[in-house]
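Notes to accompany the following structure.
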Amino acid sequence: MSDLPDSLLTISGFSRLSRLTPKALRLYEACGLLLPVHVDAQSGYRYYSPQQLEHARTVALLRQLEMPLREIQALLELPPFSKRARLAHFWQQAEERHAQRRALTEYVMAHILTQGAEMSPQTLPAYQIEERHMPAQMVLTRTRRLKVPELSAFLQGTYHEFQTWAAAHGLDAETARRAEWFVIYHGPVNEREDGPVEVCFPLTGPSQEALPEGASIRTEPARRELYTTLTLNQLQFPALLEAYDAVAMALRERGLTPALDCRESYFGDASQPDQPFCHIAFPVA
Numbered sequence: 001m002s003d004l005p006d007s008l009l010t011i012s013g014f015s016r017l018s019r020l021t022p023k024a025l026r027l028y029e030a031c032g033l034l035l036p037v038h039v040d041a042q043s044g045y046r047y048y049s050p051q052q053l054e055h056a057r058t059v060a061l062l063r064q065l066e067m068p069l070r071e072i073q074a075l076l077e078l079p080p081f082s083k084r085a086r087l088a089h090f091w092q093q094a095e096e097r098h099a100q101r102r103a104l105t106e107y108v109m110a111h112i113l114t115q116g117a118e119m120s121p122q123t124l125p126a127y128q129i130e131e132r133h134m135p136a137q138m139v140l141t142r143t144r145r146l147k148v149p150e151l152s153a154f155l156q157g158t159y160h161e162f163q164t165w166a167a168a169h170g171l172d173a174e175t176a177r178r179a180e181w182f183v184i185y186h187g188p189v190n191e192r193e194d195g196p197v198e199v200c201f202p203l204t205g206p207s208q209e210a211l212p213e214g215a216s217i218r219t220e221p222a223r224r225e226l227y228t229t230l231t232l233n234q235l236q237f238p239a240l241l242e243a244y245d246a247v248a249m250a251l252r253e254r255g256l257t258p259a260l261d262c263r264e265s266y267f268g269d270a271s272q273p274d275q276p277f278c279h280i281a282f283p284v285a
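As structure tokens, then:
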């Protein structure tokens, strides 16, 4: 210890000045986020430099924003301008999640007020429920287990990849662009549950070409569907949940039972958010 600068701080002293608990400091050391400048080989005592206090305070503030440790580490490795942009992007995502939770809370509160009463057209906004027959369909498909934060990127990324592949292997570009693709939810997807989710893109026939990574071709069976149509603006909470409720209620009122997992079929133009964009559908028996 005599060879160490007098300015070095023990873990307890550094903890007091940084307002980070020793437990937090050990965690940040373990993940490489905040390393002591010296560890005594015999005693295992950790020592920190006063110059690390600003870094430690930054970490503490970011943790108060509920930023995951991995994201903090990635952010702190960026140059100053990029740090600001990364933090702004993180906060935008946090605000979007909060807005979704607020809408979900309002939806739950509305249902709590009607607990004990049967769901009826009077307790839901008006949705036009229609019926259609879908023929058997060959589809290019990819299935993944994921939670809500990953869902949008997976859906959009897979759709664009499949669209590009289809246009290069049998479908002309315009037909591929206008194809009604769909997403099957084989299980709940939220902050805790992870589906799985299956993206399906229609094909005109089998292909001998190499498929996109993780993709396969299968036939979706012919089916009868009850569905309602939403605009892009309605694909938000709580309207999306209410649309599912409305189709499920119509299914029960007509004495039908689900035959396959529910799905969302996309056909609209994202540049026209007030126009029909998506079907919420339940295959029925």
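The numbering of the sequence shown is the UniProt record's numbering, which starts it at 1 and goes up by one. Glycine is no exception: its CB is placed at the ideal position from the N, C-alpha and C atoms. The model shown is predicted, which means the values in this text are computed figures rather than measured ones.
- Comparing alpha carbon positions, the residue from A56, R57, P36 closest to Y47 is P36.
- Counting along the chain, the unbroken beta strand (DSSP E) around E130 starts and ends at 130–134.
- Here the alpha carbon of L251 sits roughly 20 Å from the alpha carbon of P221.
- The three-state secondary structure of Q137, taken from DSSP, is strand.
- Comparing C-alpha distances from R101 to each of E77, L230, P238 shows the shortest one belongs to P238.
- Of all alpha-carbon atoms in S49, Y45, Q73, G44, the one lying nearest the alpha-carbon of T58 is that of Q73.
- The three-state secondary structure of V37, taken from DSSP, is coil.
- Secondary structure of A60 (DSSP, three-state): helix.
- Residue pairing of S216 in beta bridges, as defined by DSSP: T141.
- Contact between the segment 178–192 and the segment 243–250 is absent, with fewer than three C-beta pairs closer than 8 Å.
- In the structure shown, P22 falls within a helical segment according to DSSP collapsed to helix, strand and coil.
- Classified as exposed, P80 has fewer than 16 neighbouring CB atoms from the shown chains inside 10 Å of its CB.
- Secondary structure at E225: strand, using DSSP grouped into helix, strand and coil.
- For the 7 Å CB-CB criterion, L230 and E131 do not form a contact.
- A residue is called buried when at least 16 other Cβ atoms come within 10 angstroms of its Cβ; T219 does not meet this threshold and is exposed.
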